[in-house]
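Chemist:
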Amino acid sequence: MAALRDRLGSVEGEGSASSRGSPGVEMVLPSDPTTPAPLCPHGPTLLFVKVSQGKEETRRFYACSACRDRKDCNFFQWEDEKLSGARLAAREAHNRRCQPPLSRMQCVERYLKFIELPLSQRKFCQRCQQLLLPDDWEKHREHQVVGDVSVTQLKRPSQLLSPLENKKTNAQYLFADRSCQFLIDLLSTLGFRRVLCVGTPRLHELIRLKASDDNKSNIKSLLLDIDFRYSQFYMEDSFCHYNMFNHHFFDGEAALEVCRTFLQEDQGEGVIMVTDPPFGGLVEPLAVTFKKLIAMWKKGQSQDNSHKELPIFWIFPYFFESRICQFFPSFRMLDYQVDYDNHALYKHGKTGRKQSPVRIFTNVSPDKIILPVEEGYRFCPLCQRYVSLENQHCEHCDSCTSKDGRKWNHCFLCKKCVKPSWIHCSICNHCALPDHSCKGPKDGCFICGELDHKRSTCPNISTSKKVNKAVRKQKQRKSNKMKMETLKDNP
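Numbering of the sequence shown is given in my numbering, commencing with residue 1 and proceeding in unit increments.
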């Protein structure tokens, strides 16, 4: 699932969320962790704060975890805001109205009835994106309906359903079959027997398709996805309606138990998580969710295996490498370029800057992962891993340093390899694009201004919070005093 915040051209750096001197939004932990976050139609909301270099931290607020655009979910609440009973009741009613029209059990019952129908009676409404039973035909008579839905089509729902391409919400770009086949072959070679597919519907269906067609394939799959439309095509043990930005199972404890059982089967042996989040989402809430899934898996481990990690393939753009490794230090980025069927840019075979920027981040040792030589990958004996053909080993860095598939050049002043389009700027004292602005914003900490860390890891963050809190209280007292004086002057 891919959406690059529409900044592929402008952000070729380290995947930072915001720039020094310009405002940004960060997820923060609630002041009281025991207090549950308010709910929107997509589950528990997240707490955010706007931050900017040299300015005090602003008031915190809750917003939807899944939707970046308020047109898709307009939930907003200040952290310290007190709501009346009427407003809370109205919100609960709104959340109920926004839920899928059919329960999980109803979807399963309809699916079982649908597959029993003769081919001539199996219909799918393209407008409503719904499998139709004979009782539904009249209501959808004026809609565009596909007939003769075959068993093969039912096994490939991602081809039957229209992709949701809202970049700020669903960003449902689907793996090309080439990338899916590579992943399936790799998972089989590595010996995994179960795959937890988080936001990877096409991988899930191809794993199941291979298992049904090939008696030798014993890989099982469970799909967790926010697109409830997949509920029509799978039984409860194959699909859970799930929000990966807040670890929310829409169908409650029953769905949570399905996921827990899947992860803990065989004491957690032989399972891997493969995830392809929307690239417009923040890394931190995803990391928090994935750590909860890891904790769920660890509870099924024996004491002897308590040191092991849940194997993970996190598919994301290469320029988020530093952010991902901040939360998962054991992760390494593979050179393999993931491509998508319904995306104009992320296609296999392109060269230069037009290559797909999407990579696989994993805690599986890179020396165990063989990339296809016929697609332009080679084994580097010095790095002990497969790299892209143009990713040359730098003797000064002692590494194959390219991130984007092009040959990078070593800068002796920066003491690292940089992109071939960058030059060293004597004013900025680092490499950048030739037409960059020396006065432009620089990445760094919003609190102290240092460039070697971000605001969230600043050693002065606690002091900054205390100062900001004191300043806000002082402003509030001054405001209250002015209000009192106004009331005295106008009795």
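A virtual CB, placed ideally from N, CA and C, is assigned to each residue, including glycine.
Determine whether the beta carbon atoms of Leu196 and Phe262 lie at a separation below 8 Å.
Modeler: It is a contact, given that the beta carbons lie within the stated cut-off.
Chemist: Out of Cys397, Ser231, Cys73, state which residue places its alpha-carbon closest to the alpha-carbon of Leu382.
Modeler: Out of Cys397, Ser231, Cys73, Cys397 has the C-alpha closest to the C-alpha of Leu382.
Chemist: Thr34 by DSSP, collapsed to three states: which one?
Modeler: In the structure shown, Thr34 sits in coil (DSSP, three-state: anything other than H, G, I, E or B).
Chemist: Anyone know if the C-beta pair for Tyr336 and Leu389 falls short of 8 Å?
Modeler: Not in contact: Tyr336 and Leu389 (Cβ atoms no closer than 8 Å).
Chemist: So, for Leu47: in the same chain, excluding its five sequence neighbours on each side, which residues have a beta-carbon less than 8 Å away from its beta-carbon?
Modeler: Counting only Cβ-Cβ distances below 8 Å, and skipping sequence neighbours, we find Met27, Val28, Leu29, Pro30, Ala37, Arg60, Phe61, Tyr62, Glu79.
Chemist: Have a look at Leu186 and Pro41 and give me their C-alpha separation to the nearest angstrom.
Modeler: So the two alpha carbons sit approximately 37 Å from each other.
Chemist: Let me check understanding here. Comparing Cα to Cα, which of Val258, Glu205, Leu132 lies closest to Glu109?
Modeler: Nearest C-alpha to Glu109: Leu132.
Chemist: Can you grab the Cα-Cα spacing for the pair Tyr377 / Asp276, in whole Å?
Modeler: Rounded to the nearest angstrom, the two C-alpha atoms are 22 Å apart.
Chemist: What residue ranges within the stretch 172–240 form continuous alpha helix (DSSP H) runs of no fewer than 4 residues, ordered along the chain?
Modeler: Runs of the alpha helix (DSSP H) inside the stretch 172–240: 177–189, 201–213.
Chemist: Taking 6 Å as the limit between beta carbons, can you name the residues of its chain near Lys123, skipping five residues before and five after?
Modeler: Contacts found: Leu132, Val145, Gly147.
Chemist: Looking only at DSSP bridge pairs, what is Asn243 linked to?
Modeler: According to DSSP, which records beta bridges pairwise, Asn243 is partnered with His248.
Chemist: If you measure between the beta carbons of Val51 and Gly24, is that distance less than 8 Å?
Modeler: Contact: yes.
Chemist: Roughly how many whole angstroms lie between the Cα atoms of Arg97 and Leu39?
Modeler: Using only the alpha carbons, I get a separation of about 13 Å.
Chemist: If I'm right that Gln292 touches His247 with Cβ under 8 Å, what's the distance once you round it to whole angstroms?
Modeler: Residue identity differs from the one stated: residue 292 is Lys in this sequence, not Gln. At roughly 5 Å, the Cβ-Cβ gap stays under 8 Å, so Lys292 and His247 are in contact.
Chemist: Report the rounded CA-to-CA distance for Ile324 versus Ala287, giving the unit in angstroms.
Modeler: Between Ile324 and Ala287, the C-alpha separation is close to 8 Å.
Chemist: Note down the Cα distance separating Trp297 from Glu236, rounded to an integer number of angstroms.
Modeler: Taking the straight line joining both Cα atoms gives about 19 Å.
Chemist: Below 8 Å CB to CB, which residues in the same chain sit around Ser162 once its five sequence neighbours on both sides are set aside?
Modeler: Contacts found: Gln126, Gln129.
Chemist: Mind listing, in chain order, the continuous beta strand (DSSP E) runs of no fewer than 3 residues lying wholly within the stretch 41–76?
Modeler: Here the runs fully enclosed are 46–51, 61–63.
Chemist: Which two residues bound the contiguous beta strand (DSSP E) that contains Val418?
Modeler: Looking at the DSSP string, the run of the beta strand (DSSP E) that includes Val418 is 416–418.
Chemist: Using the beta-carbon count (16 or more within 10 Å), is His204 buried or exposed?
Modeler: Buried: at least 16 other Cβ atoms inside 10 Å.
Chemist: Consult DSSP for Arg110 and reduce its assignment to one of helix, strand or coil.
Modeler: DSSP places Arg110 in helix when its eight states are reduced to three.
Chemist: Evaluate Gln384 with the Cβ neighbour count: other Cβ atoms within 10 Å of its Cβ, from every protein chain shown; 16 or more gives buried, anything less gives exposed.
Modeler: Result: exposed.
Chemist: Scan the stretch 324–393 and note each continuous beta strand (DSSP E) run of 3 residues or more that stays entirely inside, going in chain order.
Modeler: DSSP runs (the beta strand (DSSP E)) wholly in the stretch 324–393: 358–362, 377–380, 385–388.
Chemist: Whose C-beta lies closer than 6 Å to the C-beta of Ser179 among residues of the same chain, with five residues either side of it excluded?
Modeler: Excluding sequence neighbours, Ser179 sits near Val338, Asp339.
Chemist: Helix, strand or coil for Gln129, going by three-state DSSP, please let me know.
Modeler: Here Gln129 sits in coil by DSSP.
Chemist: In terms of DSSP beta bridges, what is Gly24 paired with?
Modeler: DSSP output for Gly24 lists Val51 as bridge partner(s).
Chemist: Give the DSSP bridge partners of Leu39, in chain order.
Modeler: Looking at the DSSP assignment, Leu39 forms a beta bridge with Pro44.
Chemist: Near Leu119, what residues of its chain come up, given a Cβ to Cβ distance below 6 Å and the 5 sequence neighbours on each side ignored?
Modeler: So the list reads Asp148, once near-sequence residues are dropped.
Chemist: For Cys431, list the residues DSSP reports as bridge partners.
Modeler: His424, per the DSSP bridge assignment.
Chemist: Just reading off the beta strand (DSSP E) that Phe316 is part of, what are its end residues?
Modeler: 312–317 is the extent of the beta strand (DSSP E) around Phe316.
Chemist: Assign Cys98 to one of three DSSP states: helix, strand, or coil.
Modeler: Correct three-state label for Cys98: coil.
Chemist: Looking at Val387: is its Cβ nearer than 8 Å to the Cβ of Met273?
Modeler: The answer is no: Cβ separation not under 8 Å.
Chemist: Using 10 angstroms around the beta-carbon of Asp503, count the other beta-carbons present and answer buried if the total reaches 16, otherwise exposed.
Modeler: No answer is possible for residue 503: it lies beyond the span of the chain, which begins at 1 and ends at 491.
Chemist: So which of Leu190, Ser212, Val364, Ile312 has the shortest CA-CA distance to Lys155?
Modeler: Nearest C-alpha to Lys155: Ser212.
Chemist: Quick check: what's the CA-CA separation for Lys210 versus Glu265?
Modeler: When rounded, the distance between both Cα atoms is 21 Å.
Chemist: Using the DSSP secondary-structure output, state which residues sit across from Met105 in a beta bridge.
Modeler: DSSP lists no partner for Met105.
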